[in-house]
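Single-structure report; data block below.
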Amino acid sequence: MKNVDQLPFGFRLPELGDEVAVEIHNFLQIVIQIYEARYGEEIDRYYETICEDYIAATSTVTTLTDPPR
């Protein structure tokens with residue numbers, strides 16, 4: 173068993189049998205697929221925006237007259 177003491181807020185997962193763990197895993201994957209199908213464009217836009225903001229904030233402006241470094 174993995175170290176459950178590192179889960180957030182002291183949250184502990186119950187012990188599950190193999191079949192039950194797989195059923196829950198499959199269910200959660202289906203939920204994520206449905207969620208991404210519905211909200212994928214919004215998620216992509218969000219990450220694209222924060223990526224562009226990060227690039228803009230960390231990049232330096234160079235001109236053609238600047239010598240290479």
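Just so we're aligned, residue 173 is where the sequence shown starts under the numbering used here, counting upward by one.
Just so it is clear, CB atoms sit at the ideal spot from N, CA and C, and this is done for glycine as well.
Keep in mind that this is a model prediction, so the values were computed, not measured.
Collapsing the DSSP output to three states places E187 in coil.
Per DSSP, reduced to three states, the secondary structure at T232 is coil, with no helix or strand assignment.
Per the coordinates, the alpha-carbon of Y226 lies some 12 Å from the alpha-carbon of T232. Closest in C-alpha terms to G189, from the list G182, H197 and F183, comes H197.
Taking the Cα positions, Q205 is about 34 Å away from T230.
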